[in-house]
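Count along the first sequence from 1, add 16, and you get the number used in our numbering. C-beta: ideal position from N, C-alpha, C; glycine also. As the structure is a computational prediction, the values presented were derived from the model and not from experiment. A quick write-up on the structure given underneath.
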Amino acid sequence: MPEGHSIHRLAAAFRDGFAGQRLAVTSPQGRFADGAALLDGAVLSRTQAWGKHLFLGFEHGGDEHGGTAPGAAQDIRWLHVHLGLYGAWTFAGDSEFAGPHAIGAPRVRIAEEERALSEPAPSGTSGAILEGGADREWQVPEPRGQVRVRLVGEHGVADLTGPTRCEVLDDQARHAVVGRLGPDPLLPDADGAGEAAMVAAIRGSRTPVGVALMDQAVLAGVGNIYRAELLFRARLHPRRPGEGIAARTLRALWRDAVRLMADGVATGRIVTTDPADREVAEDSWYVYHRDGRPCLRCGTRVQVGDLASRRVYWCPRCQRMR
DNA sequence: TATACATGGATAA
DNA sequence: TATCCCTGTATAT
Numbered sequence: 017m018p019e020g021h022s023i024h025r026l027a028a029a030f031r032d033g034f035a036g037q038r039l040a041v042t043s044p045q046g047r048f049a050d051g052a053a054l055l056d057g058a059v060l061s062r063t064q065a066w067g068k069h070l071f072l073g074f075e076h077g078g079d080e081h082g083g084t085a086p087g088a089a090q091d092i093r094w095l096h097v098h099l100g101l102y103g104a105w106t107f108a109g110d111s112e113f114a115g116p117h118a119i120g121a122p123r124v125r126i127a128e129e130e131r132a133l134s135e136p137a138p139s140g141t142s143g144a145i146l147e148g149g150a151d152r153e154w155q156v157p158e159p160r161g162q163v164r165v166r167l168v169g170e171h172g173v174a175d176l177t178g179p180t181r182c183e184v185l186d187d188q189a190r191h192a193v194v195g196r197l198g199p200d201p202l203l204p205d206a207d208g209a210g211e212a213a214m215v216a217a218i219r220g221s222r223t224p225v226g227v228a229l230m231d232q233a234v235l236a237g238v239g240n241i242y243r244a245e246l247l248f249r250a251r252l253h254p255r256r257p258g259e260g261i262a263a264r265t266l267r268a269l270w271r272d273a274v275r276l277m278a279d280g281v282a283t284g285r286i287v288t289t290d291p292a293d294r295e296v297a298e299d300s301w302y303v304y305h306r307d308g309r310p311c312l313r314c315g316t317r318v319q320v321g322d323l324a325s326r327r328v329y330w331c332p333r334c335q336r337m338r
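Right under this line is the structure:
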């Protein structure tokens, strides 16, 4: 599920599983051979997620010629990855990797739910490996499918398939990418600047709020599921123009996004229903993919329509135009 | 074997 | 608004 929460999970997974290590970087598929060559043998020093964008910072250490200090911005090279609609990272490795799993498009999930690299394996197989877990033989698996990038570290491998964007950037270029993005509810916003910017952007335009929420310059990291669910919970019709919406309503929506998406980072799943509203335990969403079925709150049939060339779902009774 | 589809986005028109 | 790109899976034929 490559909405923002998945990308933040990926950043954490790379930090836990690869940071500080010198990585072998290749492009089994070949389409990223040049970029891989730029990073091959460098140390993964930083990981960053902003919205749906993942940045992995590499530095070629051991510059015995007295180069600039480690961590100097001009020396870093960033692997910039955007998964798009069907990109995914698949991980495998030794016992320290907690077994294979994947984060990205749901069809390539290996486990039923995503797991961070640091979490224990679900089966009982890992219990036996205690001392010197890293001494266990570990075979790098053959790439499966169209692997654009493969990163191999001491304990595991990460394969990237199907990204919409995969490129090497210098720090200035990374800055430019981030500069085009709006606030990310998953990043710290102690002074409330992110919340205020989102509220102002939505209220400053007649653009339907359902379109604005998908605009990564307004709000970074929200995708089609969070969009539909945030609007339901805020009781806002997706086509309602942004400029008429009370600031208080939008501030509450921002805080709701912070809460729901942080929960998504923690669990690897998008769950937006309050337990009391679930008819069955599997009711994770109020309206997304529920067209034609009764609203969990009022029983009215959930509607579906096109909005800016994406499917949008809403309850015509709970979500009003005014 | 073909086609449709997916939690996204850039670019052309 | 339309078209294209990225890939794997489910369903239809």
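- Task: Thinking Pro199 and Met214 are a contact (beta carbons under 8 angstroms), I'd like their distance in whole angstroms, please.
- Result: 6 angstroms
- Buried or exposed for Ala27, please, with buried defined as at least 16 other CB atoms from any protein chain shown within 10 angstroms of its CB. buried
- For Glu295, three-class secondary structure by DSSP: coil
- Query: What is the DSSP secondary structure of Glu129, reduced to helix, strand or coil?
  - Reply: Its pLDDT being 37, under 50, Glu129 is placed unreliably by the model, and the measurement read from it follows with that caveat. Of the three classes helix, strand and coil, the one that applies to Glu129 here is coil, per DSSP.
- Task: Check whether the region 254 to 267 touches the region 42 to 54, taking contact to mean three or more Cβ pairs, one atom from each stretch, closer than 8 angstroms.
- Result: no
- Taking the alpha-carbon positions, what's the Gly321 to Glu245 distance? Going from the Cα of Gly321 to the Cα of Glu245 covers about 15 angstroms.
- Message: Taking 8 angstroms as the limit between beta carbons, can you name the residues of its chain near Asp186, skipping five residues before and five after?
- Response: So the qualifying residues of the chain are Gln90, Ile92, Arg93, Trp94.
- Message: Considering only their Cβ atoms, is the gap separating Arg196 from Gln232 smaller than 9 angstroms?
- Response: yes
- Message: Comparing C-alpha positions only, which one of Ser22, Ala49, Val328 sits nearest to Ala104?
- Response: Ser22
- Query: Relative to the alpha-carbon of Leu276, which residue among Trp66, Ile241, Gly57 has its alpha-carbon at the smallest distance?
  - Reply: Comparing Cα-Cα distances from Leu276 to each of Trp66, Ile241, Gly57, the minimum goes to Ile241.
- Message: Quick check on Gln64: does DSSP put it in helix, strand or coil?
- Response: When DSSP states are grouped into helix, strand and coil, Gln64 belongs to the strand group.
- N-terminal and C-terminal residue of the beta strand (DSSP E) that Glu183 is part of: 181 to 185
- List the DSSP bridge partners of Ile119. Answer is Trp105.
- Three-state class that DSSP yields for Ala174 in the structure shown: Residue state for Ala174 is assigned as strand, using DSSP reduced to three classes.
- Just the C-alpha distance for Arg338 and Val281, rounded to the nearest angstrom, thanks. 33 angstroms
- Start and end residues, beta strand (DSSP E) containing Gly321: 319 to 323
- Message: Measuring only the C-alpha atoms, how far is Ala88 from Glu75?
- Response: Approximately 9 angstroms between the Cα atoms of the pair.
- Message: Assess contact between the region 30 to 37 and the region 52 to 68, defined as three or more Cβ pairs (one per stretch) separated by less than 8 angstroms. Is contact present?
- Response: yes
- Given His81, which residues of its chain have a CB within under 8 angstroms of its CB, disregarding the five upstream and five downstream residues? No answer about His81 holds up, because its pLDDT of 48 lies below 50 and its placement is not dependable.
- Apart from the five residues on each side of it in sequence, which residues of its chain come closer than 7 angstroms, Cβ to Cβ, to Arg336? Arg251, His253
- Roughly how many angstroms lie between the CA atoms of Asp293 and Cys314, to the nearest whole one? 10 angstroms
- Task: Give the DSSP bridge partners of Val97, in chain order.
- Result: DSSP, once it has assigned bridges, lists Leu70, Cys182 as partnering Val97.
- Item | Local Cβ density within 10 Å of Thr316, reported as buried at 16 or more and exposed below that | Per the 10 Å Cβ criterion, exposed.
- Message: Which same chain residues end up closer than 6 angstroms to Arg249 when comparing Cβ atoms and leaving out the 5 residues on each side of it in sequence?
- Response: Residues Asp272 of the same chain have their beta carbon placed closer than 6 angstroms to that of Arg249, with the five preceding and five following residues left out of the count.
- Top-ranked residue by Cα proximity to Cys334, from Tyr302, Ser325, Arg326, Ala228: Tyr302
- Message: Taking the straight line between their C-alpha atoms, what separation do you get for Gly1 and Trp66?
- Response: An answer regarding residue 1 cannot be provided, because it is not within the stretch 17 to 338 covered by the chain.
- Task: Find out if the Cβ-Cβ distance for the pair Phe71, Gly172 is shorter than 9 angstroms.
- Result: no
- Answer yes or no: do Thr180 and Leu99 have a C-beta to C-beta separation smaller than 9 angstroms? yes
- Task: Express the C-alpha separation of Arg264 and Val165 in angstroms, rounding to a whole number.
- Result: 44 angstroms
- Message: Suppose you measure from the CA of Gly208 to the CA of Ala189; what does that come to, to the nearest Å?
- Response: 26 angstroms
- Presumed contact (8 angstroms Cβ cut-off) between Arg243 and Gly220, rounded CB distance: 19 angstroms between Cβ atoms; not a contact.
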